[in-house]
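Right, one structure below, let's go through it.
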Amino acid sequence: MIVDVIIDPDLCIGSGECSRLVPEAFELDEEAGVSHPLPAAMRTDPDRLRAVAAACPTGAISLVERDDR
Amino acid sequence: MTLVDGDRTIVTIAGYDAIREALFDPNLSRSFDERSYADGNIRDGVVSVSHGAVHRARRRVENAEFRAERLRLYERELFPTVLDRLLGVLIDREEVDVFPVGELVSVVLAARRAGLDIDEGSMVQLHELVQIVDVFSQGSAILDARDPQAVRALVYETYDTFERRFVRPAWERRAGLIAATERGDPDATVPHDILSVLLLHRDDPGLQLGEDGRVVREVATYLQGGTHTSAQTLTNAIDLLFAEPDAGREHLARIGRDLAFAQRAVHETVRLRPTTPRIKRRALADTTIAGVHVPRDALVILDAATANRDQDLFGADADAFLPDRTLGVGVARWGLSFGGGPHQCPGRSVAGGFPAPDGEPDGNHLYGLVALMLQGIARREPRPAPGRSPERDTRTERHTRWAHYPVRFERWRDPA
């Protein structure tokens with residue numbers, strides 16, 4: 001299964017929780033003050049991604065799971 | 070539960086998941102008072118009562134001061150020195166009021182993070198700042214104040230003093246440093262603090278910082294938040310530890326030698342004694358929370374203190390102070406005490422550190438400044454002061470606020 005990670009830039013407040021918890025999957029753009037997913041995010045353990053999405057204080061992270069066949 | 074009080078609807082929500090849903094609802098605002106500062110809204114324009122796009126824009130620039138690397142610098146390098154020095158100065162006899170100790174220790178780093186250039190060795194200046202914080206703390210809880218008009222007048226007067234004594238000198242120094250860096254001066258460095266980021270981004274219209282008073286009030290908000298809540302949490306921890314003498318003594322000894330346990334004790338304290346027991350919101354539009362209709366303009370009360378004792382989440386012994394309690398996946402040890410959603414307390418990680426991972430925390434783990442303070446106190450072996458009762462802060466209806474908490478220290482001369 002592949003998970004597409006989407007961060008809503010209008011909701012993100014740059015708390016940095018995502019890049020702290022899973023630094024290989026998220027990066028914080030200090031200039032813009034918002035996070036964005038890295039290419040490695042789609043290969044990250046879905047359970048870790050779900051935990052990050054739940055930890056985001058603004059609910060800016062959404063996950064779209066799809067079959068990789 | 071929904072009540073109609075005159076022409077206002079009051080909706081109280083006590084369920085844990087329902088409160089979380091409410092905290093994320095964009096239709097619920099922390100803005101209760103639409104007046105400007107000039108008309109009497111003492112918190113006009115500050116981040117904690119702003120909403121929507123302005124709030125997000127403000128948090129994006131201010132959150133830079135709450136990144137793990139910044140917190141690590143504070144917790145590992147700056148705070149231990151401040152803590153050691155001040156506890157040695159302030160706990161200089163057997164019996165001491167511990168609440169102001171917590172305030173005086175906390176205010177040093179809170180001032181630094183807010184962007185004030187204080188003389189950290191001057192007890193006179195630290196006491197002056199703590200007095201200012203006390204007034205701002207009354208202002209932050211004005212919705213629960215017994216005499217809101219008196220609080221409003223006092224806060225107005227204190228903003229003037231605060232601006233003149235502390236903010237303006239720091240502002241001028243930072244403005245000079247910002248100008249120097251823009252000229253390319255290699256010797257100029259702009260400090261990492263809230264005042265600096267506000268000045269650096271002030272031209273951004275999205276932040277709505279054009280009025281000088283808003284900058285002053287924003288700095289005041291961070292100074293107050295970083296001082297008062299930490300001191301109250303420290304005091305509440307001691308009160309909970311004293312409530313059960315035998316277990317409390319064992320816990321204090323363990324806190325003195327185990328910082329991870331100290332952190333769990335702080336989280337357990339925050340769960341049982343939230344700084345804001347009843348979180349309030351105002352409905353900007355009709356909305357629905359956990360199936361309950363909330364009409365526009367309703368006052369919504371989120372009963373975090375009750376939700377934090379939910380036995381389904383925290384166990385049949387949810388009312389007890391048990392720092393070692395085991396929790397299910399996704400349940401925070403501090404419950405809902407730091408809020409959630411866009412207004413989640415930015416100081417959560419400063420005061421409480423990050424959640425401890427399973428097993429032993431690694432070398433990068435951050436325990437939070439209150440755990441360090443509590444450990445410093447515990448090593449001096451505090452006991453209830455005989456014949457002297459603690460006093461709650463009766464100026465507010467918030468039951469978790471203390472005014473005085475006398476403690477007898479068995480090892481005030483030679484901490485363990």
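Residue numbers (our numbering), protein chains in the order written: chain A, 1 to 69; chain B, 70 to 485. Glycine included, every Cβ here is placed at the ideal spot set by N, Cα and C.
DSSP, read as helix, strand or coil, puts residue 299/B in helix. At a cut-off of 8 Å between beta carbons, residue 58/A contacts chain B. A straight-line Cα-Cα distance of about 7 Å links residue 198/B and residue 176/B. Following the DSSP letters along the chain, one finds residue 226/B inside the alpha helix (DSSP H) bounded by residues 217–231. Per the DSSP secondary-structure output, residue 74/B pairs in a beta bridge with 77/B. The residue among 467/B, 152/B, 208/B and 170/B with its C-alpha nearest the C-alpha of residue 348/B is 467/B. For residue 96/B, no chain A residue has a C-beta closer than 9 Å to its own C-beta; the minimum C-beta separation is roughly 14 Å.
By the CB criterion at 8 Å, residue 441/B and residue 212/B fall outside the cutoff. Residue 401/B and residue 435/B have their C-alpha atoms some 16 Å from each other. Beta-bridge pairing by DSSP links residue 260/B to no other residue. Shown here, residue 9/A sits in coil according to DSSP, grouped into three states, outside any helix or strand.
A direct Cα-to-Cα measurement between residue 311/B and residue 455/B gives close to 12 Å. What residue 93/B touches in chain A, judged by beta-carbon distance under 7 Å, is 59, going in chain order.
Ranking 243/B, 271/B and 218/B by CA distance to the CA of residue 261/B puts 243/B first.
Taking C-beta separations shorter than 7 Å and ignoring five residues to either side along the sequence, the partners of residue 206/B in its chain run 293 and 297, following chain order. Residue state for residue 423/B is assigned as coil, using DSSP reduced to three classes.
Minimum Cα-Cα distance from residue 484/B among the listed residues 469/B, 230/B, 446/B and 464/B corresponds to 446/B. Under the Cβ distance rule, residue 54/A counts among the residues neighbouring chain B, one pair being separated by less than 8 Å. Among the CB atoms of chain A, one or more fall inside 8 Å of the CB of residue 413/B. Within chain B, not a single residue places a beta-carbon under 9 Å from that of residue 35/A; the smallest gap is close to 10 Å. Annotation for residue 133/B: 266 place their beta carbon closer than 7 Å to its own, counting only its chain and skipping 5 residues before and after. Residue contact check for residue 20/A against chain B: a CB pair falls below 8 Å. Within the same chain, Cβ atoms closer than 6 Å to the Cβ of residue 364/B are found at 78 and 355, the five residues on either side in sequence being excluded. If you draw a straight line from the Cα of residue 114/B to the Cα of residue 477/B, it is about 43 Å long. The beta carbon of residue 15/A falls within 8 Å of a beta carbon belonging to chain B, placing the residue at that interface. Distance check between residue 98/B and each of 124/B, 170/B and 196/B places 124/B closest, using alpha-carbon atoms only. Within its own chain, the residues whose Cβ lies closer than 6 Å to the Cβ of residue 46/A, once the five positions on either side in sequence are excluded, are 3, listed in chain order. Bounds of the alpha helix (DSSP H) holding residue 138/B are 137–141. The distance from the Cβ of residue 372/B to that of residue 85/B is about 10 Å, inconsistent with a contact at the 8 Å cut-off. Of 109/B, 141/B, 303/B and 433/B, the smallest CA-CA separation from residue 217/B is found for 109/B.
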